Amino acid sequence: ATLEKEGRKSGVLGGSNRIVAIATSPNNNVDLVLDNGPPSLSPSKHFDEAPTNKEPGWKKFLSFVGPGFLVSLAYLDPGNMETDLQAGANHRFSLLWVILIGLIFALIIQSLAANLGVTTGKHLAEHCKAEYPVVVKYCLWMLAEVAVIAADIPEVIGTAFALNILFHIPVWAGVLLTGLSTLLLLGLQKYGIRKLELLIAILVLIMGACFFGEMGYVKPPIKDVVEGMFIPKLQGQDATADSIALLGALVMPHNLFLHSALVLSRKVTMSTKGINQACRYFLLESGFALFIAFWINVAIISVSGTVCSSNNLTQLEAQQCSGLTLNNASILLQNVLGRKTAAIFYGIALFASGQSSTITGTYAGQYIMQGFLDLKMKSWLRNLVTRLVAITPSLIVSIIGGSAGAGKLIIIASMILSFELPFALIPLLKFSSSSTKMGPHKNSNVIIVISWILGLGIIGINIYYLITAFIGWLLHNNLPKVGNVFMGIVVFPLIAIYILSVIYLMVRKDRVETFIDPTNVVQKEDDLANVSLP
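Residue numbers for the sequence shown follow this note's numbering, beginning at 880 and rising by one.
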């Protein structure tokens, strides 16, 4: 092919400004290639580096690997581990169906987020900024930032627990030390992000292997596991709350912003075939990564449920299971590794889990701030600010309530994420289903129906639990009647505002057309391998 023309042009409404090469072949077919290479590359190299039809399929696929695996780290963070452990200890296998539905839903919406970025060249935060009025835009931005902070709380506490397990540092002191984890990541930056991601993935998979080994040792009843996975039940005390916490830990709002932005780092041929191929590769990559995450989550719940329901527990083990937290969960691995070795391996994996999640949280915060406000902050500063905000409640709770209180804070943070989900999910579902945003690449009718049914189901459960939990608290607390009346006056209007806000996002008609036709160019993004670590 010979290069006829190369141009740069800002994408409409502050898009992502990639470099586009328009190339023609001898038979006059036209392909446009989105390129993220340095501007210094020659035009011919821009075109040559783009995927071509002659390139083997597996090489093309590998060129798209990265964003999905980085996003999937959030599904193995300390918040997931904590909710998995408590779900297994409290309900055995009966909530495994929540994990299955949650990760199927996660795969659908993560693929929609990737498709949005690939097709339009803009990530979700940029679309929200372009579409919504100023007040709504700033409200969505603040909610997205709260979601990033809520996601960082389990990482802070998980890292503090890891330091406690490995070095016997008090949890409150470990919380303070997590503020220095930014310096550790900056020190590792010189080795490259891909090598660091590989190291973290290996450490997290070590934890998964330990739980799989323990699962083989304790032999959970297969029938009960399968029933728990495919027969929905909400039995026992706090089952609804624990299921919402599981969903909140799995489907995180900031991950939708992150995935739609990370895909902009890959070269995509701007044709119907090229866009469809890129979307398919990102779906395969996300599916494989989430498949691994699903079975690790299943293993954690199965081991926790089997060990903690055993009739052979010592009195100490029974006490630990009744208040199972990240800080004492190494007892579940001692049959495989021995008590001391289990603690070391578990502590290392827990530390790695917390730090890997820090990377995704920092990237998400960067893209959210840039997309909503056109404001860029250095990654180390962004990480430090987020971490300092997250440290405050973690420190207070760990001092007052100790390890048990810190563990409960993780559950609360996961529930906050679940309640925040509609404010990222609804815009994503609407944008990805809109012909004015996606053109011919909008969601199919089947995907629209499935995604909205699952999304509205989760939103409905959240609203139901929010109302019933508050009413139950009003009826059974020890406050005087005046206090209950005051709380009702304050909280019920907030619940009404929450419901009305969700309805507004659902019924509001999109007014801004942001579909980029192939003659427009979108802003250049750095390759994921070159993005600075937080």
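We put the CB at the ideal spot given by N, CA and C, even for glycine.
These numbers were taken from a predicted model, which means no experiment stands behind them.
Can you tell me whether residue i is helix, strand or coil according to DSSP?
i, result
"residue 1005", "helix"
"residue 1110", "coil"
"residue 1392", "coil"
"residue 959", "helix"
"residue 1418", "In the structure as shown, the chain starts at 880 and stops at 1413, and residue 1418 therefore has no counterpart that could be examined."
"residue 1193", "coil"
"residue 948", "helix"
"residue 965", "helix"
"residue 1116", "coil"
"residue 1183", "helix"
"residue 1159", "helix"
"residue 1031", "helix"
"residue 1218", "helix"
"residue 1047", "coil"
"residue 1312", "coil"
"residue 1349", "helix"
"residue 1203", "coil"
"residue 1256", "coil"
"residue 1000", "coil"
"residue 1359", "coil"
"residue 972", "coil"
"residue 1011", "coil"
"residue 979", "helix"
"residue 1381", "helix"
"residue 938", "helix"
"residue 1188", "coil"
"residue 1105", "helix"
"residue 1130", "coil"
In terms of alpha-carbon separation, which member of the options lies closest to residue i?
i, options, result
"residue 1281", "1267, 1340, 976, 1202", "1202"
"residue 1142", "1130, 1126, 1152, 1159", "1159"
"residue 1257", "1277, 1245, 1113", "1245"
"residue 1124", "1015, 1387, 1294, 1302", "1294"
"residue 1003", "1223, 1012, 992, 1018", "992"
"residue 968", "982, 1210, 1084, 997", "1210"
"residue 1147", "939, 1370, 1135", "939"
"residue 979", "1276, 1107, 1025", "1107"
"residue 1081", "998, 1325, 1229, 1024", "1229"
"residue 1342", "1374, 1194, 1109", "1374"
"residue 1093", "1287, 1237, 943, 1218", "1218"
"residue 1212", "966, 1023, 1126, 1090", "1090"
"residue 945", "1161, 1193, 1109", "1161"
"residue 1019", "1232, 1380, 972", "1380"
"residue 942", "1255, 1349, 1157", "1157"
"residue 1385", "1335, 1290, 1370", "1335"
"residue 1238", "1168, 1263, 1355, 1122", "1263"
"residue 1289", "1196, 1095, 1324, 1120", "1120"
Determine, using beta carbons only, whether residue i and residue j come nearer to each other than 8 Å.
i, j, result
"residue 1050", "residue 1039", "yes"
"residue 860", "residue 970", "Given a span of 880 to 1413 for the chain in the structure shown, any question on residue 860 remains unanswerable."
"residue 1292", "residue 1044", "no"
"residue 1008", "residue 1250", "yes"
"residue 1328", "residue 1137", "no"
"residue 1035", "residue 1273", "yes"
"residue 1392", "residue 1205", "no"
"residue 1104", "residue 1186", "no"
"residue 1236", "residue 963", "no"
"residue 1284", "residue 1178", "no"
"residue 973", "residue 1152", "no"
"residue 1367", "residue 1165", "no"
Near residue i, which residues of its chain fall below 6 Å by C-beta distance, leaving aside the five closest residues on each side in sequence?
i, result
"residue 1048", "1042"
"residue 1333", "984"
"residue 1330", "987, 1308"
"residue 1226", "1041, 1044, 1045"
"residue 1140", "1002, 1246"
"residue 1453", "The chain is shown only over 880 to 1413; residue 1453 falls outside these bounds and no answer can be derived."
"residue 1131", "953, 1030, 1296"
Tell me which same chain residues have a C-beta within less than 7 Å of the C-beta of residue i, skipping the five on either side of it?
i, result
"residue 1310", "995, 1006, 1316"
"residue 1025", "1299"
"residue 1052", "none"
"residue 1085", "1224, 1228"
"residue 1022", "1299, 1302"
"residue 930", "Low confidence applies here, because residue 930 scores a pLDDT of 44, under 50, leaving its location unreliable; read the following figure in that light. The answer, listed in chain order, is 939, 942, 1146, 1148."
"residue 920", "Because residue 920 carries a pLDDT of 29, less than 50, the predicted location of this residue cannot be relied on, and the following value inherits that uncertainty. Closer than 7 Å at Cβ, skipping near neighbours: no residue."
"residue 1126", "977, 981, 1297, 1337"
Does the beta carbon of residue i fall short of 7 Å from some heavy atom of the ligand PLP?
i, result
"residue 1193", "Absence of the ligand PLP from the depicted structure is noted, as is the absence of any ligand whatsoever, leaving it without description."
Quick one: what's got a C-beta closer than 8 Å to residue i's C-beta in the same chain, skipping five residues either side?
i, result
"residue 1010", "1306, 1310, 1389, 1390, 1391, 1393"
"residue 1027", "1133, 1240, 1243, 1244, 1247, 1265"
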